[in-house]
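**Q** This is the structure I have questions about; it appears just below.
In this note's numbering, the protein residues as written are 19 to 350.
Here is the structure:
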């Protein structure tokens, strides 16, 4: 077994019930499912909500499947044709920004595969949810607009907790990185439990630890290192990748060589931080995260119960097929 397969195997333990049985999702997103009100509100502290999804687990999985499709397609579209032409090899600004967003979208997809959905509730939606909750509970749950984390209750798998998140000034990007770091740590524990001390288990854990370390480098304890690099490139025009370029040709060529590796065979030997050029590590993070997402999507597709009409095949993998991108991913 290969590292990306072990990662997907560990992630599978967190799948929402019925995820691999979803074909074309019947909900546009998680929010549209919530607005439908097809669940039962339960008493919970003001400003947050707990709902019973007993008998509605498939609806929750449908909402997540739609968002997994949307984010994974956005990740792939960010990467397709992202490398600059040879005549403009030093023009790396937008290529690098696109790779950041590929990482961002891939992680959102991975989190949802693990049953964790980070959603922004605008005021009109909150007003409707408070109305629905008030009808069930006799009093409004007093939800507020903003970022919320939706995940299954760790004690009762038929309950879904809706918790406001990011109240200390953290934006959606920062909160996502923190959730991803926690997920990686949880998966490392899961891999130890299921795979023991096998070499491939150790290789997988070494990779995820190495990934966590680079994400927390340069003082980014919340895991937002790539956001820091993206901001430096996009807003302060650092690293010499915008005209007039001051990044040497040799270094630009090295970064460019890494831009297309996301569609190649998974390389577990990547060691972040060994490069003097932060931009190479920046691109390699995007490559690894995208490939881990692809491995997880492939796992859903392979275990689908809907005979080739899984949402993964209908959307993200169909996009790659249309663009003649052949999946080069490790198999068990």
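Using N, Cα and C, we set each Cβ at its ideal position, and we do this for glycine too.
Are the beta-carbon atoms of residue 48 and residue 148 separated by less than 8 Å?
**A** The residue you call residue 48 lines up with position 30 of the chain shown. The residue you call residue 148 lines up with position 130 of the chain shown. Not closer than 8 Å, so no.
**Q** Roughly how many whole angstroms lie between the Cα atoms of residue 261 and residue 193?
**A** Along the chain shown, read from residue 1 onward, the residue named residue 261 stands at position 243. Along the chain shown, read from residue 1 onward, the residue named residue 193 stands at position 175. Those two C-alpha atoms are separated by around 33 Å.
**Q** Whose CA, out of 212, 298, 214 and 285, lies closest to the CA of residue 244?
**A** As a working mapping, residue 244 is identified with position 226 in the chain shown. When each option's Cα is compared against that of residue 244, the closest is 298.
**Q** Tell me which same chain residues have a C-beta within less than 8 Å of the C-beta of residue 236, skipping the five on either side of it?
**A** Translated into positions along the chain shown, residue 236 becomes position 218. Excluding positions up to five away in sequence, the list reads 243 and 246.
**Q** Taking the alpha carbon of residue 80 as the reference point, which residue from 97, 344, 135 and 63 has its own alpha carbon closest?
**A** The residue you call residue 80 lines up with position 62 of the chain shown. Comparing Cα positions, the closest option is 135.
**Q** I need the straight-line Cα distance from residue 51 to residue 142, nearest angstrom please.
**A** Taking the chain shown and counting its residues from 1, one reaches residue 51 at position 33. Taking the chain shown and counting its residues from 1, one reaches residue 142 at position 124. Their backbone Cα atoms lie some 15 Å apart in a straight line.
**Q** Use the C-beta contact count for residue 267: other C-beta atoms within 10 angstroms, 16 or more gives buried, fewer gives exposed.
**A** The residue you call residue 267 lines up with position 249 of the chain shown. Its Cβ having fewer than 16 others within 10 Å, residue 267 is exposed.
**Q** Are there 16 or more other CB atoms within 10 angstroms of the CB of residue 38, so buried, or fewer, so exposed?
**A** In the chain shown, counting from the first residue as 1, residue 38 sits at position 20. The residue in question, residue 38, is buried, as its Cβ has 16 or more Cβ neighbours within 10 Å.
**Q** What is the DSSP secondary structure of residue 289, reduced to helix, strand or coil?
**A** Locating residue 289 in the chain shown gives position 271, counting from the first residue. In the structure shown, residue 289 sits in coil (DSSP, three-state: anything other than H, G, I, E or B).
**Q** Specify the secondary structure class of residue 164 as computed by DSSP and reduced to three states.
**A** Along the chain shown, read from residue 1 onward, the residue named residue 164 stands at position 146. Note: residue 164 maps to strand in three-state DSSP.
**Q** Quick test of the definition: if touching needs 3 or more C-beta pairs under 8 Å, does the stretch 284-304 touch the stretch 109-116?
**A** Touching, yes.
**Q** Could you check if residue 133 is buried or exposed, using at least 16 other CB atoms within 10 Å of its CB as the buried criterion?
**A** Taking the chain shown and counting its residues from 1, one reaches residue 133 at position 115. Buried, because 16 or more other Cβ atoms sit within 10 Å of the Cβ of residue 133.
**Q** Name, in chain order, the residues that DSSP records as bridge partners for residue 181.
**A** Translated into the one-based positions of the chain shown, residue 181 becomes position 163. For residue 181, which the question treats as bridged, DSSP gives the partners 167.
**Q** Relative to the C-alpha of residue 308, which candidate in 97, 82 and 255 has its C-alpha closest?
**A** Reading the chain shown from its first residue, position 290 is the one you call residue 308. Answer by Cα proximity: 97.
**Q** How many whole angstroms separate the CB atoms of residue 60 and residue 53, which I take to be in contact at a CB cut-off of 8 Å?
**A** Mapped onto the chain shown, residue 60 falls at position 42. Mapped onto the chain shown, residue 53 falls at position 35. In fact, because the Cβ distance is near 18 Å, the residues do not count as touching under 8 Å.
**Q** What do you get for residue 290, buried or exposed, if any count of 16 or more other CB atoms within 10 angstroms of its CB means buried?
**A** In the chain shown, the residue the question calls residue 290 occupies position 272. When all chains shown are included, residue 290 counts as buried.
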